[in-house]
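Colleague: For the protein sequence lines, the chains are L and X, in the order given. Under numbering that gives the first Met the number 0, the first sequence has 62 at position 63, and the numbering climbs by one with no breaks. Under numbering that gives the first Met the number 0, the second sequence has 87 at position 88, and the numbering climbs by one with no breaks. Ideal placement from N, C-alpha and C gives every residue a C-beta, glycine not left out. Sharing a structure below in structure tokens format, with a few things to ask.
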Amino acid sequence: MNYLVQILEGLGLTLSVFIVSLIFSLPLGALVAGLRLSKIKAVSKATEVYICVLRGTPLLLQIMLVFFGLPSIGISFGRFNSVVIAFVLNYAAYFGEIFRSGIQSIEKGQREAASILGFSPMQINLKIVLPQVIKRTLPSIGNEVITLVKDTSLVYAVGWSDILKYAKGIAVRDATLMPYLIAGTIYLVLTYIITIAFEAIERKVNYEE
Amino acid sequence: MLLQAEGLFKAFNDTVVLNDISLSVERGEVVSLVGQSGAGKTTVLRCITGLEKCDKGSIAINDKFICKTENGITTYATKDELALIRHELGMVFQAYHLFPHMTVLENVTIALTDVYKVPRTQANEEAVKMLESLGLGEKINSKPSQLSGGQKQRVAIARSCVTNPKLLCFDEPTAALDSALVVEIIKIIRNLASEKGIGILIISHDEKFVRDVSDRVLFIEHGKITKEMTSEEYKNVIRE
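See the structure below:
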């Protein structure tokens, strides 16, 4: 019980990094998908490079680059903002690709039918495409969100104490594995809550049953 | 003339798909365009509905031009002009393309409320009336995935007709229907033409359906219209 109370001191940080990163990376991911599908080749290509770099290098490296690297050229965001910026940029690349595949999976005929009914391109995107994209991409988004919870443990790289860092400290101090088990259980509970939430959303947006 | 298309040419890369196609449809007339797969039927329909741009030729719906060739230069309707022309146009796709996340009622009302800005209560009344006339009164709250092929077809017809188009195009309307449903669709199409005065253009390769539904039949081969028959002439050919 004592271990649990001590480890839970890191929960606030874990949750705040998770929530802020999620709030910003989802809309940025939608923007990335839009830019990736742009008919302007330079825009599409530049977005492709962004996605390639962000998905092709470790998130830990990106966090360190933003927190330790950028100050050397005079740009400093502070600890929390640096971590969140790295998380948002990284996850937006993944979300962007998920949204892109969702958008491309919508049959061309849906857009054509809507356009003959007189819808503007904006109306088609918002009323016809978006609801279907949300439904189709939810399982993949859910996977990424679960990964995001676990990835928050990377904040140790900037010297911050989250759940795992607290557990490690106690384990070293008392020579016991119990704190790790408790930390693992906390992550499990968090991911279970997310899983339940996504299942509920999936049921709500499922139009095929 | 409701629809007037003259001298349509269309090529995809080096393959000529439409080669000097001309056709017309009058109010209340049912015209079918028949031909084998790859003859160019669907491309004609896509050009007429503005989903595809023809390379050359003129298409006018109710005297409004989708495209026009003058002195060798082809000009096309702007997006705004095309949007206005589409107010006079409806299309029932072969695969229906109902919006799967909406109920039957929402599928039929969405154009009324969101494009034509009809108040929701009025849109619902009009849509329910339309759906009831097509025998779908009990399905208004169903999702497209809960409907049979024939029901989806009728919802697609209701969705296209509720905005009162002057020209309605059908792409292979019987492709997924059994013979009993084909008879039903023939009745619906004939009613739309005779009672509402809608001009109807159908592309199909179902000879019996074309025989029973059409006033006039055009034959297309390798992107050219090779023959034209009245309904009576076509009936004699099919009987033989």
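Going by the DSSP bridge assignment, what does X/C160 pair with across the sheet?
Modeller: Here residue 160 of chain X refers to the residue found at position 161 of the second sequence. X/C160 is not bridged to any residue.
Colleague: What does a CB cutoff of less than 7 Å around X/S141 pick up in its chain, not counting 5 residues either side in sequence?
Modeller: Counting from 1 along the second sequence, the entry for residue 141 of chain X is found at position 142. So the list reads T102, V103, once near-sequence residues are dropped.
Colleague: Where do the N-terminal and C-terminal ends of the alpha helix (DSSP H) with X/F98 fall, by residue?
Modeller: Walking along the second sequence from the start, residue 98 of chain X turns up at place 99. No alpha helix (DSSP H) holds X/F98; DSSP gives it neither H nor E.
Colleague: Counting only beta-carbon atoms, is X/T108 nearer than 7 Å to chain L?
Modeller: As a working note, residue 108 of chain X is residue 109 in the second sequence. By this cut-off, X/T108 is not an interface position.
Colleague: Would you give the residue range spanned by the beta strand (DSSP E) that L/G183 belongs to?
Modeller: The residue labelled residue 183 of chain L in the question sits at position 184 within the first sequence. Premise fails: L/G183 lies in the alpha helix (DSSP H), 177-204, not in any beta strand (DSSP E).
Colleague: Note down, in chain order, each residue of its chain lying with its Cβ closer than 7 Å to the Cβ of L/K164, except the 5 sequence neighbours on either side.
Modeller: Residue mapping note: residue 164 of chain L aligns to position 165 of the first sequence, counting from 1. Same-chain partners within the cutoff: G9, Y155.
Colleague: In chain order, what residues of the segment 122-143 of chain X put their CB closer than 8 Å to some CB of chain L?
Modeller: Within the segment 122-143 of chain X, the qualifying residues are K142.
Colleague: Which of helix, strand or coil does DSSP assign to X/V114?
Modeller: In the second sequence, residue 114 of chain X corresponds to position 115, counting from 1. DSSP places X/V114 in coil when its eight states are reduced to three.
Colleague: Three-state secondary structure (DSSP) at X/S230?
Modeller: Translated into positions along the second sequence, residue 230 of chain X becomes position 231. Three-state result, X/S230: helix.
Colleague: Out of X/A10, X/I139, X/D113, which one is the CA nearest neighbour of X/I20?
Modeller: Residue 20 of chain X sits at position 21 when you count from the first residue of the second sequence. Per the Cα distances, X/A10.
Colleague: Should X/G7 and X/G56 be called a contact, given that it needs their Cβ atoms to be closer than 7 Å?
Modeller: As a first step, residue 7 of chain X is located in the second sequence; it is residue number 8 there, counting from the start. As a first step, residue 56 of chain X is located in the second sequence; it is residue number 57 there, counting from the start. Looking at the sequence provided, one finds Leu at residue 7 of chain X rather than Gly. Yes; because the gap between Cβ atoms is below 7 Å, this pair is in contact.
Colleague: Alpha carbons only, please: which of X/T225, X/I201, X/L176, X/G222 is nearest the one belonging to X/D214?
Modeller: The residue given as residue 214 of chain X occupies position 215 in the second sequence. Residue X/I201 is the option with its Cα nearest to X/D214.
Colleague: With 8 Å as the limit, tell me which residues of the segment 15-46 of chain X have their beta carbon closer than that to any beta carbon of chain L; keep them in chain order.
Modeller: Those residues of the segment 15-46 of chain X that come within reach of chain L (Cβ to Cβ, closer than 8 Å) do not exist; the list is empty.
Colleague: Could you check what DSSP says for X/Q35 in three-state terms: helix, strand or coil?
Modeller: As a working note, residue 35 of chain X is residue 36 in the second sequence. Three-state result, X/Q35: coil.
Colleague: L/V48 and L/I62 - do their beta-carbons sit closer together than 7 Å?
Modeller: Counting from 1 along the first sequence, the entry for residue 62 of chain L is found at position 63. Counting from 1 along the first sequence, the entry for residue 48 of chain L is found at position 49. Taking 7 Å as the Cβ cut-off, L/I62 and L/V48 do not qualify as a contacting pair.
Colleague: Any beta carbon from chain L within less than 7 Å of X/P99's own beta carbon?
Modeller: The residue labelled residue 99 of chain X in the question sits at position 100 within the second sequence. Chain L, which has a Cβ nearer than 7 Å to the Cβ of X/P99, makes this yes.
Colleague: Is L/R35 helix, strand or coil by DSSP?
Modeller: Within the first sequence, numbered from 1, the residue matching residue 35 of chain L stands at position 36. In this structure, L/R35 counts as helix in the three-state DSSP scheme.
Colleague: With distance defined between alpha-carbon atoms, name the residue in X/S147, X/D54, X/A157, X/N12 nearest to X/L180.
Modeller: Stepping through the second sequence from its first residue, residue 180 of chain X is reached at position 181. That would be X/S147, whose Cα lies nearest to the Cα of X/L180.
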